[in-house]
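Some notes on the structure that comes next.
Numbering (our numbering), first residue to last: 174 to 352.
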């Protein structure tokens, strides 16, 4: 092929074609032709969707501080709206619970083990629990709650539910007779 190009009368094509036939074997061209590797971003855990009750309860912040739970925590905008509504209540007890939920949300934002996201979703007349289960199905996530009824409905609908109360019961120390 090189002999062919020596007798070729159009030098502009001679410059282009040797590279096309692999005749340009310089190190620079090999490095340029290698595609740069991109990091692979494969989530290892499904997202955890937080319910209002879990945020008000607050134990989730303590659990994540220990590193037992990590990953992406999603708080839908309607859960934030529900917390704001409770925090603005005229009843002092409800107001304290709502403010606690907002404080827990801020603590989770700062947690080193958690990637925290508030997801803005369209408003709807559908109850919050139903929307949480629908979101869990859509993103193949797990709903984290302390609500017993949401736990049962989620189990029936096939959405994985993580109930903080069940976790608390599971880690209680078993006392054997005579100890």
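The beta-carbon is built from N, C-alpha and C at its ideal position, and this holds for glycine as well. All figures in this text were calculated on a predicted structure; none of them were measured in a lab.
*For residue 270, which residues from the same chain have a beta carbon less than 7 Å from its beta carbon, with the 5 sequence-adjacent residues on both sides left out?*
229, 259
*The alpha helix (DSSP H) spanning residue 290 covers which residue range?*
Segment 287–292 is the beta strand (DSSP E) holding residue 290; no alpha helix (DSSP H) there.
*Taking the alpha helix (DSSP H) that residue 328 falls in, what are its first and last residues?*
321–330
_One or two residues paired with residue 336 in a DSSP bridge_ = 318
*Identify whether residue 309 lies in helix, strand or coil by the three-state DSSP scheme.*
helix
*Return the first residue and the last residue of the alpha helix (DSSP H) that residue 237 is part of.*
232–239
*Neighbour-count burial assignment, residue 224, 16 or more Cβ in a 10 Å radius*: buried
_Contact test: residue 264 Cβ vs the ligand SAH heavy atom, cutoff 7 Å_ = No copy of the ligand SAH occurs in the structure displayed, which carries no ligand at all.
*For residue 248, does the three-state DSSP call read helix, strand or coil?*
strand
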